[in-house]
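Since the structure comes first, as structure tokens, the remarks are kept for the end.
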Amino acid sequence: MDFSAELNAILSLSPYRTRAFLRADVKTIRDLLLHLPQRYEDHSRLTAMNDLQDGQTAFVHGQVIRAEIQQYRRPVLTVLLRDRAGGELYLRYFHFYPNQIKTFRAGRWGLFYGKINRSFALPEMSHPEITWLTNEHLPPLPKTWYPIYSSVQGLTQAHWQQAINDVLKQLVISETDALTQKGFLSLAQALRILHQPPLTADPNALLLPQHPARQRLIMEELCAHQLSFTQARMHQQQKTAPELPENSVLIQQFIAALPFTLTAAQKRVHAEIAADLAKNAPMMRLVQGDVGSGKTVIALLAALQAIAAGKQVAFMAPTELLAEQHAANMKKLLKLSAIEPVLLTGKLSAKTKRARLKAIERGEAALIVGTHALFQSQVNYHRLALIIIDEQHRFGVHQRFQLQDKSHEEWAPHQLILTATPIPRTLAMSLYGKLSTSIIDQLPAGRKSIQTAVMSNHHRDTLIARLGAVCRKGQQAYWVCPFIEESDVFVCENGEAMTAYLQRSLPDLRVEFVHGKLSSDARREKMEAFAAGAVDILVATTVIEVGVDVANATLMIIENAERFGLSQLHQLRGRVGRGSQQSYCVLLYQAPLGENAQRRLAVMRATTDGFQIAEEDLLLRGAGELLGTKQTGENGFYLADLTRDYAHLPHVAQWVETWLCEDKAFAAVLQKRWLHDKTHYLRV
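Per numbering that gives the first Met the number 0, numbering through the sequence shown is continuous, rising by one, with the last residue being 683.
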């Protein structure tokens, strides 16, 4: 089976259902099969309603008697159920859609699963899982654990299970391969165990990364990425690159015109890059620099070395908003030179885009800034010699080493990758071995360290008063809301509720809310308004991790900070402290805190050193952490987690070297299975 095939190639889905799967980031068979359950429930036994106990998680069979919307402090959808023995149960919905009451038609039978509350005369369930039946007759009860998937509007648990089970029925994969020979389960076994686990399995163990079924998927994904990385390096090493002389007059003039002095770390990293660019071997260098360490200036120095030699430079940012900000910052820094950054984004008019594409093709544009669109087929470079990639906090650097050859036919371009989250040294050595790495471990002079406080949610109103005082001085602030549920609906409700609360509490201030489900245009518009000072407080989900760079933002408040990992907290904190003013970060937490959460918050309060935080993150996440249900995300992986799985990397590298010599067929299968449709602009 082709894992990169779109769902409709294998399944019969309506356009509405296809769009719903797309909203859940499920486009291919791979996306579907790797959308693993977030938990498992026991639907193999029914409990009579008269036998329900307080605190019990139960599975009941019942008929809708009536449904009504009751008015308390806010509306509550209440549904009365009755089973065949005459027992009764209330369902309560505190969050519901206006038309949801219509689904609870009197006389309708269903199966209901949820936690029982017996604080009142009749037992109650809040927001249960429901399977509707066509009549009162019970279908055969499952003989496996019932998987529960994170979902979006338009997809019920039944939709997920039907789609996944239909694919698993058609799944034909060899039961023996190079990984089963090393003691791992086969891929088919692993997927069936995770999606259809027998009742004899421990449902909690199934969620742990150490479970044999998850280990098979993790190891296979790590191997596929390592294969891609290794082959990219082999391909790169076969080519030569243009020699770009060091110490040009252009660079000297640029450094002299800077309104600040380069730090010792910046000078050291610049020298390392300049020496690489002067050689005829393609540079592949990773620059690690903490938030605000001055990576853009280093990137510009590298760009000027190429431009002074009559070549072109492409600078790729992860989002259009960041590309625009980079172009604006570069324009300021280059104002005394004749070099004008050329921006390529989707917002350009057709006429402007055509003009810029022509300028690039003729070599009139020397410094081109954009997103991955810089490498699309219609972009033809005149003499591209250097590619700079701002990976922001993403670990999936190696996927970008195979960028389609857009340079002169005679050479391969040099590549410089910037990352804003320091990768732990132990991990960097395991993962990047031979890859050249530079570290900017100094902040610019005059930059004040961000002060961090940890505060209980009980002090929220005091904090809001402080927030108002900060913004009335003309400064700006972020308020970050976490993903409090696995549902997009609850994420938005949480953020919208916080926005409304802040607007009521601080009516004289301008508050906006941005989240990942906004259209890109709407999100950009709100972020640009914040950057322009037209918004005082930006309530946001974690989209601001790779969002705006606003020097006037001096306060970062992170709600339920205990739900975030160290790396993510560090990145969010780095959105403030970009100017010369003292900045603050407040970590709000909900008590009681677990031991790991206490340690994470203590580390954040104690240090702003990204490398120390990265090492602590590695230690904290190294053992026993639940995998969760994240889809492929910022780090480019579905299930693997480099900070958790780094100990496997030496074995993976060794296996990959062997397979490339002795089992090329399996190597090809792995790459196609995991990366085939994800590297459409890459070249092996």
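We treat Cβ as the ideally placed atom computed from N, Cα and C, and that holds for glycine.
Nearest-angstrom Cβ-Cβ length linking residue i and residue j, presumed shorter than 8 Å
i, j, result
"A189", "E174", "That belief does not hold up - the Cβ atoms of A189 and E174 are roughly 11 Å apart, past 8 Å."
"V538", "M497", "5 Å"
"S227", "L641", "That pair is no contact at about 14 Å."
"S247", "Q304", "7 Å"
"Q99", "L76", "6 Å"
Collapsed DSSP secondary structure at residue i in the structure displayed
i, result
"E544", "Residue placement at E544 is poorly supported in this model, since its pLDDT is 49, which falls under 50; the coordinates still yield a value, given next. The answer is helix: DSSP assigns E544 an H, G or I state."
"K334", "coil"
"A298", "helix"
"H94", "coil"
"M526", "helix"
"S725", "As displayed, the chain neither begins before 0 nor continues past 683, which places residue 725 out of reach and without an answer."
"T46", "coil"
"E594", "helix"
"M218", "helix"
"F253", "helix"
"M233", "helix"
"S435", "strand"
"H514", "coil"
"G113", "strand"
"E558", "coil"
"I449", "coil"
"T463", "This sequence places Ile at residue 463; Thr is not what is there. In the structure shown, I463 sits in a helix (DSSP, three-state: H, G or I)."
"Q37", "coil"
"D507", "coil"
"E5", "strand"
"M497", "helix"
"C693", "Residue 693 lies beyond the residue range present for the chain, which begins at 0 and ends at 683; the question has no answer from this structure."
"S227", "helix"
"P340", "coil"
"R83", "coil"
"S125", "strand"
"Y15", "helix"
"S455", "strand"
"P649", "helix"
"W131", "strand"
"E174", "coil"
"V63", "strand"
"M603", "helix"
"L167", "helix"
Of the listed residues the options, nearest to residue i (C-alpha basis)
i, options, result
"Q251", "I68, L88, A273 and P281", "A273"
"T451", "A601, H371 and S336", "A601"
"V59", "R22, V534 and E128", "E128"
"L385", "Q570, Q589 and T239", "T239"
"E390", "T318, K447, L335 and L373", "T318"
"G106", "L178, D82 and T553", "D82"
"I217", "V668, L618, D662 and Y645", "Y645"
"F259", "L198, S376 and R446", "R446"
"F665", "A47, A177 and G515", "A177"
"I689", "P244, F183, L299 and V75", "Because the chain is modelled from 0 through 683, residue 689 falls outside the range shown and cannot be assessed."
"L276", "A204, W410 and W108", "W410"
"L12", "H413, L321 and D165", "D165"
"L333", "L249, L383 and I388", "L249"
"A84", "N49, I254, F93 and Q69", "N49"
"Q708", "A531, L501 and Q474", "Nothing about residue 708 can be read from this structure; the chain reaches only from 0 to 683."
Per-residue burial, residue i [other beta carbons within 10 Å of its own, 16 or more giving buried]
i, result
"Y588", "buried"
"C584", "buried"
"H371", "exposed"
"F2", "buried"
"V490", "Bear in mind that a pLDDT of 44 at V490, under 50, signals an unreliable position, so the number given afterwards is only what the model happens to contain. Buried, by the Cβ-count rule."
"A349", "exposed"
"L335", "exposed"
"L626", "Here L626 scores only 32 on pLDDT, less than 50, and its place in the model should not be relied on; the value that follows carries that caveat. Buried: at least 16 other Cβ atoms inside 10 Å."
"G623", "Note that G623 scores 31 on pLDDT, short of 50, meaning its location in the model is unreliable; the coordinates nonetheless yield the value given after this. Exposed, by the Cβ-count rule."
"T540", "buried"
"G632", "Annotation note: pLDDT 42 at G632 (below 50); position unreliable, coordinate value reported separately. Burial call: exposed."
"P649", "exposed"
Any non-hydrogen atom of the ligand FMN within 7 Å of residue i CB
i, result
"L205", "Ligands displayed in this structure: none; no statement on the ligand FMN is therefore possible."
Any chance the region 264 to 277 sits against the region 192 to 209, with 3 or more Cβ pairs inside 8 Å?
no
Hey, is the region 140 to 153 in contact with the region 117 to 126, meaning 3+ C-beta pairs nearer than 8 Å?
no
Any contact of the region 46 to 66 with the region 105 to 119, i.e. 3+ C-beta pairs under 8 Å?
yes
Is the region 560 to 572 in contact with the region 361 to 369, if contact means three or more CB pairs nearer than 8 Å?
no
Quick check: the region 521 to 541 against the region 500 to 509, are at least 3 beta-carbon pairs closer than 8 Å?
yes
At a cut of 8 Å, does the region 572 to 581 reach the region 546 to 564 through at least three beta carbon pairs?
yes
Are the region 287 to 296 and the region 338 to 356 touching, with three or more C-beta to C-beta distances below 8 Å?
no
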